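*Asks:* Structure incoming, see below.
Protein chains in written order, with the working numbering: chain A, 1 to 218; chain B, 1 to 631.
What follows is the structure in structure tokens.
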């Protein structure tokens with residue numbers, strides 16, 4: 001199942017987004033990363049990036065910390081608020097320790113001092129893309145499970161909630177006021193639709209999707 | 001009723017583990033099993049944790065502790081619990097009635113909460129929970145945390161209970177203090193009058209003797225008495241404030257105010273064990289960090305609430321302490337920072353050019369010292385011999401050269417940063433070209449473009465260097481017609497990068513047309529650079545959002561005035577009228593010739609200069625020059 005998710009993200013080539021207000025620096029970085037084999041897009045400001053970026057596309061950001069308009073750290077905050085968990089590599093002209101610690105704590109991949117030597121930058125970009133790939137696979141897997149769950153009818157969802165609550169067929173039948181035979185049928189359908197083959201996988205799926213079991217009282 | 005309740009507990013906390021074990025296994029009905037097997041459902045339902053603090057929430061350490069809990073929460077991710085904080089406030093409300101009312105009130109308040117854990121923090125809350133647990137929450141696990149001694153046995157021996165005791169750490173703290181104050185032979189101790197505090201004082205006494213020092217009990221009877229006692233401490237002593245909310249006519253003085261009062265009155269340095277008190281007047285040292293303590297309790301709470309019941313642990317002082325000093329107190333007691341243990345954090349320090357640019361400052365101080373000797377020599381010579389032939393302009397030129405170099409040198413850090421941009425672009429272009437060539441992907445057109453960009457970035461770097469070199473060059477005074485506004489703008493370009501680095505916004509309000517004056521362009525640039533750098537220095541303590549320098553102008557028929565307005569600390573009244581005199585400086589590292597030279601240059605141009613505080617905040621410097629009559 002994870003293989004499918006990874007394949008899906010491979011369909012689109014990841015893009016390295018370079019955000020820097022200095023045109024010459026921007027172009028040189030684009031050229032360098034392009035020569036290293038990455039697909040690169042450049043932006044002159046944080047706002048230009050925000051209006052052009054399509055949420056959910058694979059990639060990472062190489063970001064200048066100090067820019068006129070929205071600064072690099074502000075962009076990081078805005079991306080977090082939009083829940084775009086694309087990895088960020090910060091570039092800075094001077095090492096501000098508190099700022100770098102804050103950026104790393106908020107999930108930045110790296111905080112590099114300008115001028116950055118090519119191997120260091122390329123390594124950071126490769127790590128960022130690898131992490132993005134893993135993050136995206138995890139999210140895609142969850143979306144896939146969610147889609148399967150959506151296939152269940154309201155009745156099947158009810159039965160599902162009782163099953164993961166640890167009830168045996170007889171109890172579920174009593175609770176929902178239907179025959180045990182019908183429960184068995186529902187149960188088979190649920191296993192089929194959710195593509196699981198054991199009770200344990202069913203519960204694992206419920207945990208992944210954060211679905212609460214039915215309470216005995218209800 | 002009881003069986004329905006048991007079933008519900010089981011449903012909310014224990015069922016998934018059963019489901020994993022197999023859907024056909026029969027329901028188990030032992031509630032205590034269900035409670036301890038709460039690991040998996042924690043992902044679905046946030047644990048409910050009640051924390052009872054002994055003290056009231058206005059106390060600094062309680063605020064730090066709760067910050068620590070929140071930190072633990074953000075580390076906890078999916079397991080982050082819902083914290084419920086309650087405060088017994090036992091020091092201020094000591095009668096028995098209060099405790100029983102508090103018990104009743106939390107019992108009612110949490111009646112319908114299915115608590116996963118109850119934490120009691122510090123001795124009064126521990127005692128309360130140990131007494132009330134059987135009545136309130138017999139089946140809920142409890143965690144006792146004490147930072148003022150060991151957790152009492154009757155609490156820690158309970159079923160389903162775990163505990164954290166934090167090392168008091170006074171012995172280590174004392175050794176650190178001894179290293180900083182090597183002459184100290186006596187430790188005066190001031191603590192509160194409660195029973196717990198008296199018990200602790202005997203521990204403190206023992207630690208002091210063990211460290212080879214003399215114990216001196218400063219047991220005050222009132223605030224006034226305390227002030228007198230601490231102002232008469234023997235030489236070679238330090239004062240340890242062991243806490244205690246001093247009670248005078250029934251009113252407790254908050255610890256922070258007590259510390260402020262005693263530290264101010266004391267004739268010797270004071271220390272405390274709580275890091276949250278740094279800033280009230282204590283010197284500092286190895287101290288407890290209650291954020292760290294809160295973090296440890298919070299982490300253990302999260303683990304206990306969701307999976308691990310936990311045991312009984314003594315948390316070492318090293319993992320909850322912080323090494324911090326107050327710069328103002330170090331200065332007050334003449335402690336050299338070099339004597340502090342490695343890794344010390346120094347708070348409340350004034351920003352200093354010396355600390356940030358030690359190398360540069362040394363070089364320029366040397367240059368200025370030589371210059372001062374020169375100026376002094378020349379002035380002496382002139383006065384002694386009254387030699388009319390000594391050209392004052394050459395003196396000024398010489399002095400101005402040095403001052404200009406000093407200003408530029410102060411900007412060197414920012415030149416380096418500005419140069420990073422073209423240098424970085426050149427580096428990346430060159431490395432890109434190498435990679436393209438190495439992989440046989442280089443086309444002549446690509447390479448040509450890369451080389452062209454490298455060249456243009458090289459020109460850019462050269463321009464940056466050139467711009468500063470003009471200011472650094474030796475200079476003979478010139479008299480020529482120049483555009484004053486253009487001159488001001490060029491000066492602002494010189495400091496632009498430095499201004500950006502200091503987050504200062506420079507607002508230029510000059511008209512676009514030219515303003516001809518007769519004078520020396522480089523010297524007038526120096527006037528503007530000096531005044532703007534001076535304005536930025538004055539705003540060191542201004543919040544970044546309001547760091548503004550406004551460059552304005554005013555014209556009359558005969559003269560043109562340039563104003564530099566800042567939003568900084570303003571001019572000191574005691575400098576009134578002496579601001580432009582040599583060797584007058586408010587900066588700890590300044591020699592005080594910058595403004596003198598600035599005025600000399602303006603004088604030489606037949607102009608005037610003055611400085612005044614703004615009606616609101618900050619000051620405005622204005623200089624005016626005669627306009628060139630347009631005929």
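Just so it is clear, CB atoms sit at the ideal spot from N, CA and C, and this is done for glycine as well. It should be emphasised that the depicted structure is a prediction, and the values quoted were computed from it without experimental measurement.
Measuring straight from C-alpha to C-alpha, what distance separates residue 51(A) and residue 151(A)?
*Replies:* Between residue 51(A) and residue 151(A), the C-alpha separation is close to 35 Å.
*Asks:* How is the beta strand (DSSP E) around residue 291(B) delimited, first residue to last?
*Replies:* Here residue 291(B) belongs to no beta strand (DSSP E); instead the alpha helix (DSSP H) covers 290–306.
*Asks:* How would you write the range of the alpha helix (DSSP H) that residue 150(A) sits in, first residue to last?
*Replies:* Element bounds for residue 150(A): 118–150.
*Asks:* Considering only the beta carbon of each residue, do residue 633(B) and residue 29(A) sit closer than 7 Å?
*Replies:* Beyond the ends of chain B as shown, which are 1 and 631, falls residue 633(B); an answer cannot be given.
*Asks:* Provide the residue span of the beta strand (DSSP E) that contains residue 561(B), from first to last.
*Replies:* Looking at the DSSP string, the run of the beta strand (DSSP E) that includes residue 561(B) is 559–565.
*Asks:* Please classify residue 4(A): does DSSP put it in a helix, a strand, or coil?
*Replies:* With a pLDDT of 40 at residue 4(A), under the threshold of 50, the modelled position of that residue is not reliable, and the figure given next carries that caveat. Residue 4(A): helix per DSSP, three-state reduction.
*Asks:* Chain A beta carbons: is any one of them nearer than 7 Å to that of residue 76(B)?
*Replies:* It does not; no Cβ of chain A falls within 7 Å.
*Asks:* Mind listing, in chain order, the continuous beta strand (DSSP E) runs of no fewer than 3 residues lying wholly within the segment 326–354 of chain B?
*Replies:* Correct list: 345–347.
*Asks:* Along the chain, where does the beta strand (DSSP E) that runs through residue 505(B) open and close?
*Replies:* Element bounds for residue 505(B): 505–508.
*Asks:* Can you round the beta-carbon distance between residue 164(B) and residue 313(B) to whole angstroms, since I take them to be within the 8 Å contact cut?
*Replies:* Indeed they touch by this definition, with Cβ atoms about 6 Å apart.
*Asks:* Tell me, to the nearest whole angstrom, how far the beta carbon of residue 180(B) is from that of residue 349(B); I am working on the premise that it is less than 8 Å.
*Replies:* Not confirmed; about 16 Å, so no contact.
*Asks:* Should residue 618(B) and residue 537(B) be called a contact, given that it needs their Cβ atoms to be closer than 7 Å?
*Replies:* Not in contact: residue 618(B) and residue 537(B) (Cβ atoms no closer than 7 Å).
*Asks:* Counting only beta-carbon separations shorter than 7 Å, does residue 536(B) have a partner in chain A?
*Replies:* So no, residue 536(B) is outside the interface.
*Asks:* Helix, strand or coil, according to DSSP, for residue 614(B) in the structure here?
*Replies:* Residue 614(B): coil per DSSP, three-state reduction.
*Asks:* Which residue wins for smallest C-alpha separation from residue 57(A), given the options 17(A), 165(A), 26(A)?
*Replies:* Nearest of 17(A), 165(A), 26(A) to residue 57(A), Cα basis: 17(A).
*Asks:* Pull up the DSSP beta-bridge partners for residue 165(B), would you.
*Replies:* DSSP output for residue 165(B) lists 146(B), 314(B) as bridge partner(s).
*Asks:* Measuring straight from C-alpha to C-alpha, what distance separates residue 279(B) and residue 203(B)?
*Replies:* Distance between the alpha carbons of residue 279(B) and residue 203(B): 26 Å.
*Asks:* Beta strand (DSSP E) containing residue 48(B): first to last residue?
*Replies:* Unbroken beta strand (DSSP E) run through residue 48(B): 48–53.
*Asks:* For the alpha helix (DSSP H) containing residue 542(B), name the first residue and the last one.
*Replies:* Run containing residue 542(B): none; DSSP gives neither H nor E here.
*Asks:* Return the chain-ordered ranges of every alpha helix (DSSP H) run that is complete within the segment 172–233 of chain B and spans a minimum of 4 residues.
*Replies:* Segments of the alpha helix (DSSP H) lying fully in the segment 172–233 of chain B: 195–210, 223–230.
*Asks:* Rounded to whole angstroms, how far is the Cβ of residue 241(B) from the Cβ of residue 272(B), which I believe are closer than 8 Å?
*Replies:* About 5 Å separates the two Cβ atoms, so the contact holds.
*Asks:* Are there 16 or more other CB atoms within 10 angstroms of the CB of residue 557(B), so buried, or fewer, so exposed?
*Replies:* Exposed is the call here.
*Asks:* Ordered along the chain, which non-local residues of its own chain (more than five positions away) have a Cβ less than 7 Å from that of residue 300(B)?
*Replies:* Closer than 7 Å at Cβ, skipping near neighbours: 143, 164, 310.
*Asks:* Label residue 615(B) either buried or exposed according to how many other C-beta atoms from any shown protein chain fall within 10 Å of its C-beta, with 16 as the threshold for buried.
*Replies:* Result: exposed.
*Asks:* Can you tell me which of 76(B), 85(B), 61(B) puts its alpha carbon nearest to the alpha carbon of residue 51(B)?
*Replies:* Ranking the options by Cα distance to residue 51(B), first place goes to 85(B).
*Asks:* Round the Cβ separation of residue 533(B) and residue 504(B) to the nearest angstrom and send it over; I've been treating them as touching at under 8 Å.
*Replies:* Contact flag wrong, Cβ pair sits at about 10 Å.
*Asks:* In angstroms, rounded to a whole number, what distance separates the CA positions of residue 14(A) and residue 76(B)?
*Replies:* Whole-angstrom Cα-Cα distance: 31 Å.
*Asks:* Since I believe residue 453(B) is in contact with residue 24(A) (beta carbons under 8 Å), could you give me their beta-carbon distance rounded to a whole number of angstroms?
*Replies:* Confirmed, about 7 Å.
*Asks:* Quick check on residue 425(B) - is its C-beta less than 7 Å from some C-beta in chain A?
*Replies:* It does: the Cβ of residue 425(B) has a partner Cβ on chain A nearer than 7 Å.
*Asks:* So, with DSSP's three-state summary, where would you put residue 626(B)?
*Replies:* Three-state DSSP puts residue 626(B) in a strand.
*Asks:* By DSSP, does residue 21(B) sit in helix, in strand, or in coil?
*Replies:* Unreliable positioning characterises residue 21(B) in this predicted model, as indicated by a pLDDT of 35, which lies under 50. A coordinate reading is not provided.
*Asks:* Just curious, the alpha helix (DSSP H) that residue 41(A) is in, first and last residue?
*Replies:* It is not in any alpha helix (DSSP H) - residue 41(A) instead sits in the beta strand (DSSP E) that spans 39–43.
*Asks:* Does DSSP classify residue 12(A) as helix, strand or coil?
*Replies:* In the structure shown, residue 12(A) sits in coil (DSSP, three-state: anything other than H, G, I, E or B).
*Asks:* Indicate whether at least one CB of chain B lies closer than 7 Å to the CB of residue 25(A).
*Replies:* Chain B, which has a Cβ nearer than 7 Å to the Cβ of residue 25(A), makes this yes.
*Asks:* What are the residues that DSSP puts in a beta bridge with residue 110(A)?
*Replies:* Paired residue(s): 89(A).
*Asks:* Got a sec: is the Cβ-Cβ distance from residue 428(B) to anything in chain A below 7 Å?
*Replies:* Yes - at least one Cβ of chain A is within 7 Å of the one on residue 428(B).
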